[in-house]
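Novice: Before I ask anything, here is the structure I am working with.
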Amino acid sequence: QVQLVQSGAEVMKPGASVKVSCKSSGYTFTGNYMHWVRQAPGQGLEWMGRIHPDSGTTNYAQNFQGRITMTRDTSISTAYMELSRLRSDDTAVYYCARIGSGWAFDYWGQGTLVTVSS
Amino acid sequence: QTVVTQEPSFSVSPGGTVTLTCGLSSGSVSTSFYPSWYQQTPGQAPRTLMYSTNARSSGVPDRFSGSILGNKAALTITGAQADDESDYYCVLYVGSGNWVFGGGTKLTVL
Numbered sequence: 001q002v003q004l005v006q007s008g009a010e011v012m013k014p015g016a017s018v019k020v021s022c023k024s025s026g027y028t029f030t031g032n033y034m035h036w037v038r039q040a041p042g043q044g045l046e047w048m049g050r051i052h053p054d055s056g057t058t059n060y061a062q063n064f065q066g067r068i069t070m071t072r073d074t075s076i077s078t079a080y081m082e083l084s085r086l087r088s089d090d091t092a093v094y095y096c097a098r099i100g101s102g103w104a105f106d107y108w109g110q111g112t113l114v115t116v117s118s
Numbered sequence: 119q120t121v122v123t124q125e126p127s128f129s130v131s132p133g134g135t136v137t138l139t140c141g142l143s144s145g146s147v148s149t150s151f152y153p154s155w156y157q158q159t160p161g162q163a164p165r166t167l168m169y170s171t172n173a174r175s176s177g178v179p180d181r182f183s184g185s186i187l188g189n190k191a192a193l194t195i196t197g198a199q200a201d202d203e204s205d206y207y208c209v210l211y212v213g214s215g216n217w218v219f220g221g222g223t224k225l226t227v228l
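Listed below in structure tokens is the structure:
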């Protein structure tokens, strides 16, 4: 069965960078785009960007341009999302989500809480 | 910048029918935006309900349905149950590899 397992919670200082991982299993990792979505406390979902694991092609939401980098390691079926110059309003749960054949996010990771605090 | 609109909150009686909508701040939603819908309860990852406008995700009861109503995508729940009380999000593909989520609708069943 398809599983996306994310790395554990992080506490970061303002101005630092965080890198969250998402390990895939149960399907061909290079066959589906992987997206990243975040949710600040008490707020809605926010699309951050996507990466195609085969080509490494990325698209980033305008709000994160210049601060976000998505990468992948196909040898271990893992996608990564790195966010730099962290601010307190980057405190959120970060999810990876696979796009399925119906152009929907069909499988989600369990989420990674990133807390930015001095 | 594209803004996707949803009702902030909605209330429905048990057994009743409710339609949540997903629109654009400018323009109309069509099937070309591949609207999809997600249900989320506190502390949980979102659950996929509908995709490509009106296709039901595996395991989703048929009292959930999707459509285009006028210039918006819509999620209709027929025969609402207590455990439908959740937050509901739509997301649209807006082109050039970009997706945008709506702000979400908090559904109360009472």
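Protein chains in written order, with this note's numbering: chain R, 1 to 118; chain B, 119 to 228. Positions of the beta carbon are idealized from the N, C-alpha and C atoms, including for glycine. Every value quoted in this text rests on a predicted model; they were computed, and no experiment measured them.
Following the continuous beta strand (DSSP E) through R/W47, name the residue where it begins and the one where it ends.
Specialist: Here residue 47 of chain R refers to the residue found at position 47 when the first sequence is read from its first residue. Membership of R/W47 in the beta strand (DSSP E) is indicated by the continuous run L45 to I51.
Novice: To the nearest whole angstrom, what separates the beta carbons of R/P53 and R/M34, a pair I think is in contact under 8 Å?
Specialist: Taking the first sequence and counting its residues from 1, one reaches residue 53 of chain R at position 53. Taking the first sequence and counting its residues from 1, one reaches residue 34 of chain R at position 34. Between R/M34 and R/P53 the Cβ distance is about 6 Å, and since that is below 8 Å, they are a contact.
Novice: Beta-carbon of B/P164 versus every beta-carbon of chain R: anything under 8 Å?
Specialist: As a first step, residue 164 of chain B is located in the second sequence; it is residue number 46 there, counting from the start. Yes, its Cβ sits closer than 8 Å to a Cβ of chain R.
Novice: For B/F219, which residues in chain R fall below 8 Å Cβ to Cβ?
Specialist: If you number the second sequence from 1, residue 219 of chain B lands on position 101. Under the 8 Å cutoff, chain R gives V37, G44, L45, E46 and W47.
Novice: Identify the continuous beta strand (DSSP E) that holds B/W155 and give its terminal residues.
Specialist: Within the second sequence, numbered from 1, the residue matching residue 155 of chain B stands at position 37. S154 to Q158 is the extent of the beta strand (DSSP E) around B/W155.
Novice: Could you pull out every unbroken alpha helix (DSSP H) segment of at least 4 residues lying fully inside the segment 128 to 216 of chain B, listed in chain order?
Specialist: none
Novice: For R/I76, I'd like the list of residues in its chain whose CB is within less than 8 Å of its CB, leaving aside the five on either flank, ordered along the chain.
Specialist: Position 76 of the first sequence, counting from 1, holds the residue named residue 76 of chain R. Cβ neighbours of R/I76 beyond the five flanking positions: K23.
Novice: Per DSSP, R/A92 is paired with what?
Specialist: As a first step, residue 92 of chain R must be located in the first sequence, where it is residue number 92. Per DSSP, R/V114.
Novice: Taking the alpha-carbon of B/W155 as reference, which of B/C208, B/L228 and B/D201 has the nearest alpha-carbon?
Specialist: Mapped onto the second sequence, residue 155 of chain B falls at position 37. That would be B/C208, whose Cα lies nearest to the Cα of B/W155.
Novice: Using DSSP's beta-bridge definition, name the partner residues of B/T123.
Specialist: Counting from 1 along the second sequence, the entry for residue 123 of chain B is found at position 5. B/G141, per the DSSP bridge assignment.
Novice: Could you check where the beta strand (DSSP E) with R/Q39 kicks off and where it finishes?
Specialist: Taking the first sequence and counting its residues from 1, one reaches residue 39 of chain R at position 39. Looking at the DSSP string, the run of the beta strand (DSSP E) that includes R/Q39 is M34 to Q39.
Novice: Can you find the residues in the same chain that come closer than 6 Å, C-beta to C-beta, to B/T120, ignoring five residues on each side of it along the sequence?
Specialist: By 1-based counting over the second sequence, the position of residue 120 of chain B is 2. Once the five neighbours on either side are set aside, the close Cβ partners of B/T120 are V212 and V218.
Novice: Using a 10 Å radius around the Cβ and a threshold of 16 neighbouring Cβ atoms, would you call B/T223 buried or exposed?
Specialist: Within the second sequence, the letter at position 105 stands for residue 223 of chain B. Buried.
Novice: Helix, strand or coil: how does DSSP classify R/T57 here?
Specialist: Within the first sequence, numbered from 1, the residue matching residue 57 of chain R stands at position 57. Coil at R/T57, not helix or strand.
Novice: State yes or no: is the beta carbon of B/V209 nearer than 8 Å to at least one beta carbon in chain R?
Specialist: As a working mapping, residue 209 of chain B is identified with position 91 in the second sequence. Answer yes: the Cβ-Cβ gap between B/V209 and chain R drops below 8 Å somewhere.
Novice: Measuring only between beta-carbons, confirm whether B/A191 sits less than 8 Å from chain R.
Specialist: Along the second sequence, one-based indexing puts residue 191 of chain B at 73. No, its Cβ sits nowhere closer than 8 Å to a Cβ of chain R.
Novice: Closer than 8 Å, CB to CB, is R/R50 near chain B or not?
Specialist: Translated into the one-based positions of the first sequence, residue 50 of chain R becomes position 50. Yes, R/R50 lies at the interface with chain B (some Cβ there is under 8 Å from its Cβ).
Novice: Consider the Cβ of R/Y95: report whether some Cβ of chain B lies at a distance smaller than 8 Å.
Specialist: Within the first sequence, residue 95 of chain R is the residue found at index 95, counting from 1. Answer yes: the Cβ-Cβ gap between R/Y95 and chain B drops below 8 Å somewhere.
Novice: Taking 8 Å as the threshold, find out whether the segment 104 to 113 of chain R comes into contact with the segment 84 to 95 of chain R through three or more Cβ pairs.
Specialist: yes
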